[in-house]
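The listed protein sequences derive, respectively, from chains E and V.
For reference, each letter of the first sequence is one residue, going 12 to 378 in our numbering.
For reference, each letter of the second sequence is one residue, going 12 to 378 in our numbering.
Ideal Cβ placement from N, Cα and C applies to all residues, glycine included.
I have placed the structure first, in the form of structure tokens, so that the comments after it can refer back to it.
2 protein chains.
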Amino acid sequence: MLGDFTFHNPCRIHFGQNALDNLPSELAEYGSNVVLVYGGGSIKKSGLYDQVMEVLETAGKNVTEISGVMSNPTADKLREGCRIAREADADLLLAVGGGSVIDFAKAVSVSASSDEDPWEKYYLRMEDPDGDIIPVGDILTMSGTGSEMNAGSVITNPDEKLKIGHVFGSEVIPRFAIVNPELTFTVPDKQMRAGIFDAFNHIQEQYFSGEDDNVSDYIAEGMMRNLIHASRIAVKDPTDYEARSNISWISTWALNTLLACGKATDWEVHMIGQAIGAVTDATHGMTLSAVAPAYYRHIMPYGLPKFVRFATEVWNVDPSGRTDEQVALEGIEAMEDWMDEIGVARTVGELGLTPDRYDDVVKATGR
Amino acid sequence: MLGDFTFHNPCRIHFGQNALDNLPSELAEYGSNVVLVYGGGSIKKSGLYDQVMEVLETAGKNVTEISGVMSNPTADKLREGCRIAREADADLLLAVGGGSVIDFAKAVSVSASSDEDPWEKYYLRMEDPDGDIIPVGDILTMSGTGSEMNAGSVITNPDEKLKIGHVFGSEVIPRFAIVNPELTFTVPDKQMRAGIFDAFNHIQEQYFSGEDDNVSDYIAEGMMRNLIHASRIAVKDPTDYEARSNISWISTWALNTLLACGKATDWEVHMIGQAIGAVTDATHGMTLSAVAPAYYRHIMPYGLPKFVRFATEVWNVDPSGRTDEQVALEGIEAMEDWMDEIGVARTVGELGLTPDRYDDVVKATGR
Numbered sequence: 012m013l014g015d016f017t018f019h020n021p022c023r024i025h026f027g028q029n030a031l032d033n034l035p036s037e038l039a040e041y042g043s044n045v046v047l048v049y050g051g052g053s054i055k056k057s058g059l060y061d062q063v064m065e066v067l068e069t070a071g072k073n074v075t076e077i078s079g080v081m082s083n084p085t086a087d088k089l090r091e092g093c094r095i096a097r098e099a100d101a102d103l104l105l106a107v108g109g110g111s112v113i114d115f116a117k118a119v120s121v122s123a124s125s126d127e128d129p130w131e132k133y134y135l136r137m138e139d140p141d142g143d144i145i146p147v148g149d150i151l152t153m154s155g156t157g158s159e160m161n162a163g164s165v166i167t168n169p170d171e172k173l174k175i176g177h178v179f180g181s182e183v184i185p186r187f188a189i190v191n192p193e194l195t196f197t198v199p200d201k202q203m204r205a206g207i208f209d210a211f212n213h214i215q216e217q218y219f220s221g222e223d224d225n226v227s228d229y230i231a232e233g234m235m236r237n238l239i240h241a242s243r244i245a246v247k248d249p250t251d252y253e254a255r256s257n258i259s260w261i262s263t264w265a266l267n268t269l270l271a272c273g274k275a276t277d278w279e280v281h282m283i284g285q286a287i288g289a290v291t292d293a294t295h296g297m298t299l300s301a302v303a304p305a306y307y308r309h310i311m312p313y314g315l316p317k318f319v320r321f322a323t324e325v326w327n328v329d330p331s332g333r334t335d336e337q338v339a340l341e342g343i344e345a346m347e348d349w350m351d352e353i354g355v356a357r358t359v360g361e362l363g364l365t366p367d368r369y370d371d372v373v374k375a376t377g378r
Numbered sequence: 012m013l014g015d016f017t018f019h020n021p022c023r024i025h026f027g028q029n030a031l032d033n034l035p036s037e038l039a040e041y042g043s044n045v046v047l048v049y050g051g052g053s054i055k056k057s058g059l060y061d062q063v064m065e066v067l068e069t070a071g072k073n074v075t076e077i078s079g080v081m082s083n084p085t086a087d088k089l090r091e092g093c094r095i096a097r098e099a100d101a102d103l104l105l106a107v108g109g110g111s112v113i114d115f116a117k118a119v120s121v122s123a124s125s126d127e128d129p130w131e132k133y134y135l136r137m138e139d140p141d142g143d144i145i146p147v148g149d150i151l152t153m154s155g156t157g158s159e160m161n162a163g164s165v166i167t168n169p170d171e172k173l174k175i176g177h178v179f180g181s182e183v184i185p186r187f188a189i190v191n192p193e194l195t196f197t198v199p200d201k202q203m204r205a206g207i208f209d210a211f212n213h214i215q216e217q218y219f220s221g222e223d224d225n226v227s228d229y230i231a232e233g234m235m236r237n238l239i240h241a242s243r244i245a246v247k248d249p250t251d252y253e254a255r256s257n258i259s260w261i262s263t264w265a266l267n268t269l270l271a272c273g274k275a276t277d278w279e280v281h282m283i284g285q286a287i288g289a290v291t292d293a294t295h296g297m298t299l300s301a302v303a304p305a306y307y308r309h310i311m312p313y314g315l316p317k318f319v320r321f322a323t324e325v326w327n328v329d330p331s332g333r334t335d336e337q338v339a340l341e342g343i344e345a346m347e348d349w350m351d352e353i354g355v356a357r358t359v360g361e362l363g364l365t366p367d368r369y370d371d372v373v374k375a376t377g378r
């Protein structure tokens, strides 16, 4: 049954091959001090950096940069980002990159107005923002996390071996997002595959939570079916626009709160995956793929009807002449075959996690 | 393939049995002059009117009323509504009712600030709003149209025998919506059935438009499957909360622009249905149900693969040993059986349309 909820996602999302054409009209909504947030320089190689800088110049903006945001953005980097944004008196944080860069920009947006330590305030103590929130806009270069249209922000503290996500309220959702699937063509193969599984697992985690007869689950099945189909095309031809655009759009909707509406959600695979990420610095999507099959095999007996439904509705498993257990298991096996086909990590060993660090992972889950 | 598009739907939607509890915090966002817009008095019978008035009084609002909004709101009524809203210096138009009342409130919201005739400006000349737009909020009492979370507004001119819809930009989308599926329990049976088919046809019209391999179509299939399932429960027990809440939530998402993202859409069934509505004043959903089967049988040969997909994915038609034509036709037949099961008009005769007025319908389509 649908429980009570509020849905509010005011992000204006421009999607498609010409999405960047909308940047000038978006920039016009904000003051002149723009802080550009990006990662390790791939946007310089691709030419996107120059394109964006030209638009910013034409718009007469004063641009300050926060560069070098890493794939698991750290608490120290966040503190540095807050200093820069504060000194620049930022009117807009323009994040150009994937989920890490956008997550980071959101963390800065709620933190820069305050002297409190952002890691302690928002990630250890999980407080609500109580000061000014600097608007965030984003130009997405890699699909998977859904960060472009949600209020989530994951920050890692390598010293404390903790990787913690905070889902803020709708006031922290980026005001605008520019999603051109062509920009994802240049993402390294491994990152594309990880992003696909990240999006798939976002849908899955919500699908396997809560009650059954909920429109959210029917929508989730449609999204999983299309994602499986499109991913098979994309791993063979990463420049197939139709496949990549479907993957991008599904990734956005997999985690912009729609699927969670009216449902309980537990996010167990993410909790374990993030703990592994805190200890290994492994790619987020790959930590999920290493955990998911074992986790779902583990919980399957406790929610068998849903796993039967997953098998028949998402993987077209024929249930005739089989027990529910067999059907459910065939669904998991079909998922594993697909994971091998698209090429994602299947064991924690592949992520560099050795048995002597298992205790650290357990500790990092906070349990 | 997903074409370029912008998605922007800033409506804050409160959903569930306690959704009305959010009205005070929403009202606090607006000035003190509230114009309450409603229909024929069913909200007085149900007690909702008193509940809402109490909240408005507690919030210290000056309340002016526009009552008697009819199921096909007329141009004359719109002119009257604009006068009332202008004289009240409205800060908020609070629509309490179904799609007609909310459509009407949106029409007033874009028109009250101007002296131009709203029917001519927005429905005959299809201009964009160029003056102040009064914010609209809504409390939904009947599901189907999706008006609660979109920018569409249909107005009828009985003298000119025209019923015309204008889809405005996101600035006309209601700022907030309160959707408690329990409020729909008291809707007359016929209206509930019409609303179900209205929502179904919204999904269908978008599904049968544009290219095939688009995530929108996969989401549409999930929504149609759930709607068929939930509607079968609801017509037997209109107070089944799970079924009614799924119907309400699907109706909202069937027409809040998500399904149209990246797709061409033609809305032919609606164009013909609205023409019939202009001539007969019949219930909107019933005009669609009277037109849809014949229309889809007519276009089936031109888009056979999509109709085969509709048959197998939405209606579970077994394709083995059958031609594509047979499979596609079985899909339409399954839809017709379901329409009979939930009880919606299947012929224009049932709507009171006699052959001597067919010419008026053709004229009303504007072709």
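Buried or exposed (CB count within 10 angstroms, at least 16 for buried), residue i
i         : result
Thr268(V) : buried
Thr298(V) : buried
Pro185(V) : buried
His9(E)   : Shown here, chain E extends from 12 to 378; a query on residue 9(E) therefore has no answer.
Tyr41(V)  : buried
Asp114(E) : buried
Ala188(V) : buried
Gly233(E) : buried
Glu324(E) : buried
Thr365(V) : exposed
Own chain partners of residue i with C-beta closer than 6 Å, once the 5 adjacent residues on each side are dropped
i         : result
Gly50(E)  : Val80, Gly108, Val112
Ala205(E) : Thr294, Gly296, Met297
Gly92(E)  : Ile77, Val119
Gly273(E) : Leu13, Gly14, Phe16
Lys174(E) : Thr167, Gln285, Gly288, Ala289
Leu34(E)  : Val66
Ile150(V) : Val107, Ile189
Leu266(V) : Gly157, Asn161, His213
Thr197(V) : Ser57
Residue j beta carbon less than 9 Å from that of residue i
i         : j         : result
Val190(E) : His19(E)  : no
Ser383(E) : Ile144(E) : Summary: the structure shown does not reach residue 383(E), with chain E confined to residues 12 through 378, and so no result is reported for it.
Thr167(V) : Thr276(V) : no
Val372(E) : Ala289(E) : yes
Gly110(E) : Asp223(E) : no
Val48(E)  : Ala106(E) : yes
Ala339(E) : Val319(E) : yes
Ser154(E) : Pro192(E) : yes
Asp351(V) : Arg357(V) : yes
Thr263(E) : Thr195(E) : no
Tyr313(E) : Val280(E) : no
Gln28(E)  : Tyr229(E) : no
Ile214(E) : Ile258(E) : no
Ser242(E) : Ala271(E) : no
Thr172(E) : Lys374(E) : The identity of residue 172(E) in the sequence shown is Lys, whereas the question assumes Thr. Yes; because the gap between Cβ atoms is below 9 Å, this pair is in contact.
Nonlocal neighbours in the same chain, by C-beta distance under 8 Å from residue i, ignoring five residues either side
i         : result
Val183(E) : Lys117, Ser120, Val121, Pro140, Ile144, Val147, Ala162, Ser164
Lys55(V)  : Asp61
Thr138(V) : First, the amino acid is wrong: residue 138(V) is Glu here, not Thr. Only Lys132 meet the Cβ criterion.
Sequence-distant residues of its chain with Cβ nearer than 7 Å to residue i (five each side left out)
i         : result
Thr376(E) : Met282, Ile283, Ala286
Val359(V) : Ile287, Ala301
Ser220(E) : Lys274, Ala275, Thr276, Asp277
Glu216(V) : Thr276, Trp278, Val280, His281
Ser125(E) : Gly142
Gly71(E)  : Ser43
| field | Interface positions of the stretch 20 to 48 of chain E facing chain V (Cβ-Cβ less than 8 Å), listed along the chain | value | Asn20, Pro21, Cys22, Arg23, Ile24, His25, Phe26, Gly27, Gln28, Asn29, Ala30, Asn33
| query | What beta strand (DSSP E) runs, 3 residues minimum, are completely inside the stretch 178 to 203 of chain E? | reply | 187 to 190
| message | Give me the subset of the stretch 146 to 164 of chain V whose CB atoms are less than 8 Å from a CB atom of chain E, sorted by chain position. | response | none
| query | Of the residues that make up the stretch 214 to 240 of chain E, which ones have a beta carbon closer than 9 Å to any beta carbon in chain V? | reply | Glu222, Asp224, Asn225, Val226, Ser227, Asp228, Tyr229, Ile230, Ala231, Glu232, Gly233, Met234, Met235, Arg236, Asn237, Leu238, His240
| query | Where in the stretch 95 to 162 of chain E do unbroken runs of the alpha helix (DSSP H), each at least 4 residues long, occur, reported from the N-terminal end onward? | reply | 110 to 122
| said: What are the residues in the stretch 244 to 259 of chain E lying within 7 Å of chain V by C-beta distance? | reply: Tyr252, Glu253, Ser256, Asn257
| field | Completely contained beta strand (DSSP E) runs for the stretch 302 to 333 of chain E, where each covers 3 or more residues | value | none
| field | Uninterrupted beta strand (DSSP E) stretches inside the stretch 344 to 371 of chain V (no shorter than 3 residues) | value | none
| Contacting positions in the stretch 267 to 298 of chain V - beta carbon closer than 9 Å to chain E | Leu269, Cys272, Gly273
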